[in-house]
Structures are given as C-alpha cells and as structure tokens.
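What follows is a set of notes on a single structure, which appears directly below.
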Amino acid sequence: MREVSWDEMANAAGSAYTIQLEGGSIPVTLDCVEQLPPSGRASGSFRLEFLGPTDPILPQAIYPFTGENCEPFEIFIVPIERDSAGTRYEATFF
C-alpha cells in the first residue's frame with residue numbers, strides 16, 4: 097500500500113474517487129481536506145472527508161480507492177454522518 101501524502105491531497109477537494117468493493121464499486125467525492133498540527137508523520141498530518149451515496153453505508157475498514165490522475169491507494173475510512181446529501185466518511189493521517 098502506498099502512503100497518501102498532504103502534498104498529494106492538499107488541493108484535491110472536489111475530486112472524484114471510486115471505492116472498489118467485492119462485486120462492485122461506490123463513487124465518492126473528496127469534500128474536505130484539513131491540515132492537522134504536525135505529528136512527526138513524514139508525509140504530513142491531515143484529515144479527509146469523503147461524501148458518498150446515502151446507501152449503502154460502508155462499515156469502517158480499509159478500502160482500495162481509485163481516481164483520475166492518481167495511483168490507486170488504500171485508506172481506512174470511518175462513516176461519520178448520514179443525511180439527505182449522502183454518507184460522509186473520514187480518514188485521518190496523524
């Protein structure tokens with residue numbers, strides 16, 4: 097698994113990604129990118145918030161992501177909110 101960095105994600109808000117699932121996939125949009133105080137992590141400390149469809153709600157887990165103009169990566173996401181706009185997932189790199 098390659099490491100996701102602040103430099104890669106800092107200006108990626110609004111980008112579309114696909115979460116690959118066994119037997120399908122789910123489209124998500126990177127809705128929020130927030131830099132966190134330094135933690136000593138070489139590639140930066142930050143949090144990402146993705147917006148996906150209302151259903152299904154994915155359980156917290158590591159998922160493979162693909163997107164345009166980037167190499168595939170895997171990250172651990174946690175569902176944090178669900179409303180009429182969709183389901184929000186958070187990934188924290190600290």
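This note's numbering numbers the first residue of the sequence shown as 97 and each following residue consecutively. Here a beta-carbon is modelled for each residue, glycine too, at the ideal position from N, C-alpha and C.
Which of helix, strand or coil does DSSP assign to residue i?
i: E104; result: helix
i: D151; result: coil
i: E118; result: coil
i: S168; result: First, the amino acid is wrong: residue 168 is Pro here, not Ser. Correct three-state label for P168: strand.
In terms of DSSP beta bridges, what is residue i paired with?
i: A157; result: I173
i: D179; result: G182
i: L126; result: F146
So, for residue i: in the same chain, excluding its five sequence neighbours on each side, which residues have a beta-carbon less than 6 Å away from its beta-carbon?
i: A112; result: T125
Between residue i and residue j, which are expected to be in contact by the criterion C-beta below 8 Å, what is the C-beta distance as a whole number of angstroms?
i: I173; j: E186; result: 7 Å
With a threshold of 8 Å on Cβ separation, who are the neighbours of residue i within its own chain once the five nearest residues in sequence on each side are excluded?
i: S141; result: W102, Q131, L132, P133, P134, S135, F189 and F190
i: E177; result: T183 and R184
i: P40; result: Within the shown structure, residues of the chain are numbered from 97 to 190, placing residue 40 beyond reach of any answer.
Determine the closest residue to residue i out of the options, with distance taken between C-alpha atoms.
i: A138; options: D179, A181, E99 and T183; result: E99
i: L154; options: D127, T162 and I122; result: I122
i: A109; options: E118, Q116 and L144; result: L144
i: E104; options: A181, S180 and P168; result: P168
Just to confirm my understanding: we take residue i, look at its own chain, exclude 5 residues before and 5 after, and list those with CB closer than 7 Å. What are they?
i: G120; result: none
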